[in-house]
Amino acid sequence: MNYYRDIRPIIEAKCLACHAQGSVAFSYEDPERAYDFRAAIVGAVAARRMPPWMAEPGHQRYLNDYSLSDAQLALFERWGAAGYPKGRPRQSTRNAKAPAGFVGDVTVALAGSRDFLPDQTHPDDYRCFVTRWPLDHPAYVTGIGATPGNARISHHAIIYIGEPSHLPVYQEFVAAEGGQGYRCFGGPVADRLAEPGQREAFVASHKESFEELANGQYWLAHWAPGMEGYDLPPGTGIPVKPGATVVVQMHYFSGFAPNERDAGSVLHFKTAEQVAKPAMNWPLSRSEWLQGKSNGSLVVPAKGKSSVSFAASLLGLDQYIAVASGRPLADFDRIEIHSVNVHMHLIGAAGRASAAR
Numbered sequence: 017m018n019y020y021r022d023i024r025p026i027i028e029a030k031c032l033a034c035h036a037q038g039s040v041a042f043s044y045e046d047p048e049r050a051y052d053f054r055a056a057i058v059g060a061v062a063a064r065r066m067p068p069w070m071a072e073p074g075h076q077r078y079l080n081d082y083s084l085s086d087a088q089l090a091l092f093e094r095w096g097a098a099g100y101p102k103g104r105p106r107q108s109t110r111n112a113k114a115p116a117g118f119v120g121d122v123t124v125a126l127a128g129s130r131d132f133l134p135d136q137t138h139p140d141d142y143r144c145f146v147t148r149w150p151l152d153h154p155a156y157v158t159g160i161g162a163t164p165g166n167a168r169i170s171h172h173a174i175i176y177i178g179e180p181s182h183l184p185v186y187q188e189f190v191a192a193e194g195g196q197g198y199r200c201f202g203g204p205v206a207d208r209l210a211e212p213g214q215r216e217a218f219v220a221s222h223k224e225s226f227e228e229l230a231n232g233q234y235w236l237a238h239w240a241p242g243m244e245g246y247d248l249p250p251g252t253g254i255p256v257k258p259g260a261t262v263v264v265q266m267h268y269f270s271g272f273a274p275n276e277r278d279a280g281s282v283l284h285f286k287t288a289e290q291v292a293k294p295a296m297n298w299p300l301s302r303s304e305w306l307q308g309k310s311n312g313s314l315v316v317p318a319k320g321k322s323s324v325s326f327a328a329s330l331l332g333l334d335q336y337i338a339v340a341s342g343r344p345l346a347d348f349d350r351i352e353i354h355s356v357n358v359h360m361h362l363i364g365a366a367g368r369a370s371a372a373r
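Under our numbering, the first residue of the sequence shown is numbered 17, with each subsequent residue one higher.
Structure, rendered in structure tokens:
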């Protein structure tokens with residue numbers, strides 16, 4: 017067993033979508049440089065931090081699955097225990113043909129991200145950019161792709177859709193923070209509204225209530241490094257109103273690329289005027305957790321462990337989709353759930369979702 021014969025082919029197949037020159041993670045394309053990280057690689061693989069594949073096997077088959085099998089995990093462990101034997105360089109097994117890019121029929125450029133320099137006082141900067149949905153007729157999004165303006169600092173993008181009438185409010189958020197987006201850690205509403213007095217000032221000066229603004233948006237889709245773009249299941253689409261407000265949270269990570277700017281990120285969408293199955297991403301959480309900083313409802317002791325649980329009824333899902341799609345509730349006689357994602361954002365170690373009747 018050695019690096020070049022047994023380990024390097026796995027790295028080329030499973031790691032280089034992100035660990036490449038010009039991408040968000042440091043490059044492993046040079047096999048000698050990658051070997052210099054041998055102990056760190058084995059440690060990250062053993063801890064299941066890398067590759068960062070979170071879906072449990074056995075339930076679904078995924079395109080571009082870069083998770084490691086039990087046999088591959090054991091191979092890394094044995095290689096480390098043997099002292100990381102190197103072996104002789106051999107021809108790369110990497111497919112030199114790049115995958116075809118995602119092609120959509122609607123393009124949304126994030127003008128506010130052009131020449132944007134993320135906050136350099138902290139490696140992570142969550143920034144929201146605002147624009148208007150370009151179509152003047154109802155549509156369903158059936159596929160999503162993205163072209164980051166700088167892949168070296170683009171950790172992910174989350175796309176939210178808001179009411180068309182709320183665009184001026186989101187534009188105010190932008191103007192209040194200098195004109196190139198605004199801070200938004202947990203969603204499309206500006207972080208500053210959580211500061212003392214800010215929410216009260218907002219409510220006093222706007223006809224839209226804070227709750228109306230927060231409830232008048234939904235999560236359309238997301239993008240992260242390694243994703244060329246993806247289609248929703250056949251016949252499925254997420255509704256978008258004509259001229260809707262588009263808010264995109266860009267998470268910039270400058271830890272490996274300080275002082276680099278976003279040259280201008282672009283989103284790509286496939287759309288249809290009608291679909292057989294209107295769909296929606298339905299975020300669920302305990303409402304008190306969203307104010308956890310002030311009410312202490314979600315506390316993990318320092319150097320300790322804690323677990324929490326949450327349950328929700330699916331009885332309101334049909335109403336949620338009906339309101340968002342503008343279709344009568346009577347159109348929905350059944351709901352099909354395609355997938356469930358447990359999102360813990362920063363410090364969660366593991367999560368599990370289950371259905372109960």
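C-beta: ideal position from N, C-alpha, C; glycine also.
Using a 10 Å radius around the Cβ and a threshold of 16 neighbouring Cβ atoms, would you call residue i buried or exposed?
{"i": "A112", "result": "Because A112 sits at a pLDDT of 43, beneath the cut-off of 50, its placement in the model cannot be relied upon, and the following sentence gives the value as read from the coordinates. When all chains shown are included, A112 counts as exposed."}
{"i": "P105", "result": "exposed"}
{"i": "R94", "result": "exposed"}
{"i": "V119", "result": "exposed"}
{"i": "M360", "result": "exposed"}
{"i": "P67", "result": "buried"}
{"i": "N357", "result": "exposed"}
{"i": "N166", "result": "buried"}
{"i": "R24", "result": "buried"}
{"i": "Y57", "result": "At residue 57 the sequence reads Ile, which differs from the Tyr that was named. It counts as buried."}
Excluding five sequence neighbours on each side, which residues of the same chain lie with their C-beta closer than 6 Å to the C-beta of residue i?
{"i": "Y100", "result": "R54"}
{"i": "R240", "result": "For the sequence presented, residue 240 should be read as Ala rather than Arg. Around A240: H172."}
{"i": "G128", "result": "F145, Q196 and G197"}
{"i": "F92", "result": "V58 and V61"}
{"i": "T163", "result": "V282"}
{"i": "G96", "result": "V58"}
{"i": "A365", "result": "none"}
Output needed for residue i: all residues of its chain with C-beta closer than 8 Å, excluding positions within five of it in sequence on either side, in chain order.
{"i": "E228", "result": "none"}
{"i": "F218", "result": "L209 and F226"}
{"i": "Y20", "result": "P47, K102, G103, R104, P105 and R106"}
{"i": "K309", "result": "A210"}
{"i": "P154", "result": "P255, V256, K257, P258, E289 and G342"}
Need the endpoints of the alpha helix (DSSP H) that residue i sits in, please.
{"i": "I309", "result": "It is worth fixing the name first, because residue 309 is Lys in this sequence and not Ile. Counting along the chain, the alpha helix (DSSP H) containing K309 begins and ends at G308 to N311."}
{"i": "Y186", "result": "L183 to A192"}
{"i": "P47", "result": "P47 to D52"}
{"i": "S370", "result": "From DSSP, S370 is part of no alpha helix (DSSP H); its letter is neither H nor E."}
Which residues bound the beta strand (DSSP E) around residue i?
{"i": "P240", "result": "Strictly speaking, residue 240 in this sequence is Ala, with Pro absent from that position. Per DSSP, A240 belongs to no beta strand (DSSP E) and is neither H nor E."}
{"i": "K286", "result": "V282 to A288"}
{"i": "I26", "result": "No beta strand (DSSP E) holds I26; the alpha helix (DSSP H) holding it covers R24 to K30."}
{"i": "P255", "result": "T252 to V256"}
{"i": "Y156", "result": "A155 to T163"}
Who are residue i's beta bridge partners in DSSP?
{"i": "Y234", "result": "I177"}
{"i": "M266", "result": "R143 and A173"}
{"i": "A125", "result": "V282"}
{"i": "Y198", "result": "C144"}
{"i": "F132", "result": "D278"}
Excluding the 5 residues flanking residue i on each side, which residues of the same chain have their C-beta closer than 7 Å to its C-beta?
{"i": "P115", "result": "A caution first: P115 carries a pLDDT of 48, below 50, which makes its placement in the model too unreliable to give a value."}
{"i": "Y44", "result": "I27, C31, L32, H35 and A50"}
{"i": "D135", "result": "D141"}
{"i": "V324", "result": "L314"}
{"i": "P150", "result": "V122 and V124"}
{"i": "L345", "result": "D334, Q335 and A338"}
Is residue i near the ligand ATP, going by C-beta to nearest heavy atom under 7 Å?
{"i": "S129", "result": "Among the ligands in the structure shown, none appear at all, so the ligand ATP cannot be discussed."}
Problem set entry | Inter-stretch contact at 8 Å, needing at least 3 Cβ pairs: the stretch 294-302 / the stretch 237-256 | yes
Exercise. Are the stretch 316-334 and the stretch 347-356 in contact at 8 Å, needing three or more beta carbon pairs?
Worked result: yes
Problem set entry | Sufficient close CB pairs (3 or more, under 8 Å) joining the stretch 310-320 to the stretch 171-188 | no
Exercise. Quick check: the stretch 279-292 against the stretch 184-193, are there 3 or more CB pairs under 8 Å?
Worked result: no
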